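Each remark here refers to the structure printed beneath this line.
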Amino acid sequence: MHDDRDLIEARLKRVLDERVRPAVYPESVPLDVGVWHAPGEPVPVAEGLAAVPRPITVGDRWGAPWGTSWFTVTGAVPAAWAGRTVEAILDLGFDENMPGFQCEGLVYRPDGTPVKGLNPRNQWVRVGTPVEGGEEVRLHIEAASNPVILDYHPFLPTTLGDKETAGTEPQYRLARIDLAVFDETVWQLVMDLEVLGELMRELPVESGRRWEILRAVDRALDAIDLQDVNGTAAAARERLAGVLASPAEPSAHRISAVGHAHIDSAWLWPLRETVRKVARTASNMTALIDEEPDFVFAMSQAQQWAWIKEHRPEVWAKVTKAVSAGRFVPAGGMWVESDTNMPGSEAMARQFVHGKRFFLDEFGVENDEVWLPDTFGFAAGLPQIIRAAGSKWLLTQKISWSRTNTFPHHTFLWEGIDGTRIFTHFPPVDTYNCSMKGGEIAHAARNFKDKGVARHSLAPTGWGDGGGGTTREMVAKAARMRDLEGSATVTWETPAEFFTAAEAEYADPPVWVGELYLELHRATLTSQAKTKQGNRRSESLLREAELWSATAAVRAGHPYPYEQLDRIWKTVLLHQFHDILPGSSIAWVHREAERTYAAVAEELEGVIEGAQRALAGDPEPDAVLLFNSAPHTREGVAAGGAAVPLGGGVTGLRPREGGGHVLDNGLLRVEIDESGLVVSVYDLVAGRESVAPGRAANLLQLHSDFPNMWDAWDVDEFYRNTVVDLTDADEVAPGTEPGSVRVTRSFGGSTVTQVLSLAPGARRLDIETEVDWHETEKFLKLAFPLDVRADRYASETQYGHAYRATHTNTSWEAAKFEACNHRFVHLEEPGWGVALVNDSTYGHDVTRTVRASDSGTTTTLRVSLLRAPRFPDPETDQGVHRFRHALVPGATIGDAVREGYFINLPARRVRGAAAVAPLVTLDDDAVVVTAVKLADDGSGDVIVRFHEAHGGRARATLTAGFPLGGVTATDLLERPLAAEVPHEGDAVPLTLRPFELVTLRLRR
Ligand SMILES: [Zn+2]
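Going left to right, the sequence shown walks through residues 6 to 1009 as the numbering used here numbers them.
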């Protein structure tokens, strides 16, 4: 037979585009439209409904950036349409090439009932089926003229990302406001032809199935009268029924479609807009659930549910009804889809506490799955936290974005630092916005790496971020692929149904040990430094606030601020969302975040001060207590206690031969040259130099930093090709504090002032850096070339530390050229190591060279201080920043842990006479307390959470500083795990595995 395949495929495309799709709405009449532009920020729904509209005509421009316009649409169904299906088509000026990221609307009836959202690919509202004719139509649209930030001119600097700089130019043109007849048969024919046409193109040309579909399509097109598509569509459908009825092969891949809308809690829009995005999408999805009996929708991020409940009760009513029916499913069990690299131990745990608790309290639903499709990499501490929260499965697709290495599995066990293994799935469809296109379905089946031993994968299906979620077209296509020869099968399922089936069929999945590093978006560890500092400082303040509030409650009957702490935790957790903490949002978001963190700090300082005041007793004139919030003894004061600190010791400062200064406290001798560079840090106890020969530490290095795309997100490896060492000093002089040296430098439009100091009795060189930063597209690093040979180094992560290689043997190691740390980085040779601790930086890199002079190894540890990307915030990080770091020579991993806590928890000195005994004491420094608080249930029980922090085994005794009534081990939500933990009086003997995390409830 002659090969006419190209001819028929082209015929299908033209007839679909030019005749069949336009025939879905064969007749239409215009509606009348009025508009009222809200003068500022969004107004309550009642106010929008009551506003008096002015006329506006289709074709008119509307919508200043970030504005809200209430459209009123009125008309009547023509009498001649009686018996037919009628819809309103409401095109606000959408660009259908983008499924979201532009204007949107939420349609209301005059009584305030939400109908559904309006989105670029979802512009219809059903008026009636069948209509009687003559019905009055009156709809209200709350429309948001959110500007397009990303798609038209990717990654060009724009002032549209903040209402304060965005101007007033209308962004959209009203495109179509009509009533129209909806021809369901033609619409179904479109669905038939799309599914078959897309499937056909994915099948091998040699496959008989491909040709059977081609011939059926050809015959169906023959049946269409191009001048009467509506009259002939049914006949065309009949000719496709046979190929659509042919069932899937027994070995077909099985896709669990989960209705989904990935809604970033803030990103290219401010937080307040996400409140409305979620309401629009939820309205769409409850409407779709009403129409489609098989459809299931899952929504993650408890915060987004809480927003609906608080701000859109009318939408909440529909959502809760659909939840009861099992159709609208709470997913993920986290407060937000957070970053997982940077959140500290407790914050990562509280994401689950507050997320899971919300769904338990509202619906009695316990999430077993963690849903993080878009998060930029996964820290190796996470598996243990997932398990401790009572969850057991993880889903993400983001690792498919890695640019260097292809991950070897789609379904596997992920093993964390302590050995916890979590059943993990990466959807092979490689998107969290699946639209049920044949190409996507075929890609998922082909791409799935666990073929032969497993057959299930998950497809998150629907448009996110203002796309409105799943569409009726996606549901229609899924129905055709439920059991279709040549295609993977598609079934609507909940995440839990998918995971249950996937786990059951895969008895012995492969294991991946250690972090799931995303080989992309590495600059999110540095961009928007103030947001990152706000997070770290809030985490530290929350630790202090809980510790001292609990201590004051037990010791002094001080009221415990349950509701205040709950609210502040949720604020901090929200800002760990995967575009806020990573620094990839618009200026508006980060400007607000800075203010929010300042308010959080002020409030928590008040909580801490109130509790410490209650504990400290009379402020005698000369008595000063040190409150030690750190988990280790400090200046003679026990962890979690307060007492008069031990003092003593001096640091000498003398001129250095050849210029510069020498600091010496008997433990360390630090030489700072005339350029302000640290040329020697000599460990007097070990008799050993820290700085590599011929090199200098505390070296500021400035790189050009212009990635190929994703400016705030990415640093591309070529940034290292060009570097300027900032060695010119304006001034190097003794600092105002004893035992310190102050160094000032200028470069470009910026200045840096550093104070290097050596405290008496400390084995730690403190470095305070203040940068007045006015660069663009530059990357500022602080380098420490160390005389240490080590194959690997440790970075702190949640509840422990993870190792990475210092070499680049394979592409996997080479790709980790920028990585995340929490409070410390540590590297060591047997018997001697160095730590670098920080108070608020996360990005760092470690490289090594071998010296020609003495064949020794120089391992260079660099922290990332500041970047200056221009998209999406054109003014990223401009202004004054302050950082604290400390180099700790001779440090064991235990020293690194301790000094990391100290630099993040500055000692608080409070006037008072009453020493405070700790609520809990642990007698082994390897066992580190991360939280002391009162139980969330208001019982007054003391909750203590701790973990083994050195990576070894620990035997320790926990001693309660109050009469102990009983001890229970709990999960993160403070629910009992097992029988009572034995205790002897107030002492609890413990043994811990490496990095084991334990939560105990201590009854008084
Ligand atoms: Zn996202």
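Ideal placement from N, C-alpha and C gives every residue a C-beta, glycine not left out.
Here the structure is a predicted model, which is why all the values come from computation and not from measurement.
Residues near residue i by beta carbon distance below 7 Å, same chain, minus five either side
i     : result
K821  : Y522, R809
K403  : P378, D379, T380, F381, L523
V921  : T556, R560, L620, G646, A647
E508  : F428
T638  : A644
I182  : P35, L36, V38, V63, V78, L95
A253  : D488, L489, E490, S492, T494
T854  : T863
R317  : A284
M103  : P125, D156
D1013 : The structure shown does not extend to residue 1013, since the chain is modelled only from 6 through 1009, so no value can be given for it.
Closest residue to residue i among the options (Cα-Cα distance)
i     : options                 : result
S74   : A87, E46, P83, G88      : E46
H42   : P70, G692, R887         : P70
R277  : T536, G72, H415         : G72
R19   : I229, T1004, P743, P712 : I229
T601  : S589, P624, V577        : V577
D379  : R126, G848, V341, G895  : V341
V989  : P44, G473, S685, L963   : The question names Val, but residue 989 in the sequence shown is Glu. Ranking the options by Cα distance to E989, first place goes to L963.
D4    : A918, I613, G970        : In this structure the chain extends from 6 to 1009, so residue 4 is not present and cannot be described.
W715  : W817, A873, E834        : A873
G653  : H666, G663, N670        : N670
E773  : T846, K482, F412, T732  : T846
K326  : T291, V186, M304        : T291
A799  : H955, P660, T741, P698  : H955
G105  : A459, G966, A557, W272  : W272
L95   : W86, G474, V142         : V142
A974  : F967, D930, A959, V993  : V993
A257  : S492, P790, R541        : S492
A1036 : S405, W419, F412, G360  : With the chain covering 6 to 1009 only, the question about residue 1036 has no answer from this structure.
E351  : L546, I218, P790        : L546
F453  : G474, G473, C439, H414  : H414
A484  : S816, D197, C439, D9    : D197
K168  : V629, Q389, R596, G88   : R596
H812  : E775, V851, T781, G692  : V851
A180  : G172, E147, D100        : D100
I585  : L997, D688, V737, P348  : P348
Distance cut-off 7 Å: residue i Cβ against heavy atoms of ligand 1
i    : result
A379 : The question names Ala, but residue 379 in the sequence shown is Asp. Result yes, Cβ under 7 Å from ligand 1.
D156 : no
H580 : no
H265 : no
D269 : yes
Sequence-distant residues of the same chain with beta carbon closer than 6 Å to residue i, five excluded per side
i    : result
K397 : D373
T77  : G39, P58, H145
V3   : As displayed, the chain neither begins before 6 nor continues past 1009, which places residue 3 out of reach and without an answer.
Residue i Cβ short of 7 Å to ligand 2 heavy atom set
i    : result
H583 : Looking for ligand 2 in the displayed structure turns up nothing; the ligands present are ligand 1.
Same chain only: Cβ atoms within 8 Å of residue i, ignoring 5 sequence neighbours per side
i    : result
T190 : N235, A238, A239, R242
E778 : Looking at the sequence shown, residue 778 is not Glu but Trp. These residues qualify, in order along the chain: S755, L785, L871, A873, D882, Q883, G884, V885, H886.
S150 : W67, G68, A69, P70, W71, G72, T73, S74, C108, P175, Q176, Y177
D859 : P698
is_contact[residue i, chain C] using C-beta, thresh 8 Å
i    : result
F431 : Looking at the structure shown, chain C is missing, and only one protein chain is on hand.
Next item on the list: Let me know the beta strand (DSSP E) ranges lying completely inside the stretch 651-710, each 3 residues or longer, listed in chain order.
Entry: 657-660, 666-669, 673-677, 683-688, 704-709
Next item on the list: Would you list, in sequence order, the uninterrupted alpha helix (DSSP H) runs of no fewer than 4 residues that lie entirely inside the stretch 893-979?
Entry: Fully enclosed alpha helix (DSSP H) runs of 4 or longer: 898-909.
Next item on the list: Note down, one range per segment and in chain order, each beta strand (DSSP E) of at least 3 residues found wholly within the stretch 794-853.
Entry: 797-802, 805-810, 829-834, 837-843
Item checked: Ordered list of alpha helix (DSSP H) runs contained in the stretch 318-342, each at least 4 residues -> 318-329
Next item on the list: Determine contact between the stretch 200-208 and the stretch 443-461, defined as no fewer than three beta-carbon pairs at a distance below 8 Å.
Entry: yes
Note to self: For the stretch 353-361 against the stretch 314-325, do three or more pairs of beta-carbon atoms, one drawn from each stretch, fall closer than 8 Å, so that the two count as touching?
What the structure shows: These segments do not touch.
Next item on the list: Could you tell me whether the stretch 711-730 touches the stretch 527-535, where touching means 3 or more Cβ pairs closer than 8 Å?
Entry: yes
Next item on the list: Count the C-beta pairs between the stretch 735-753 and the stretch 855-866 that are closer than 8 Å, then say yes if the count reaches three, no if not.
Entry: The stretch 735-753 is not in contact with the stretch 855-866.
Next item on the list: For the stretch 531-546 and the stretch 298-305, state whether three or more C-beta atom pairs, one from each stretch, are separated by less than 8 Å.
Entry: no
Note to self: Tell me whether the stretch 458-477 and the stretch 263-271 touch, counting them as touching only if at least three CB pairs, one residue from each stretch, are closer than 8 Å.
What the structure shows: yes
Check: Is there contact between the stretch 988-1005 and the stretch 941-959, where contact requires at least three CB pairs shorter than 8 Å?
Finding: yes
Margin query: Quick check on the DSSP output: what are the complete beta strand (DSSP E) runs of length 3 or more inside the stretch 157-239, in order along the chain?
Written below: 181-186
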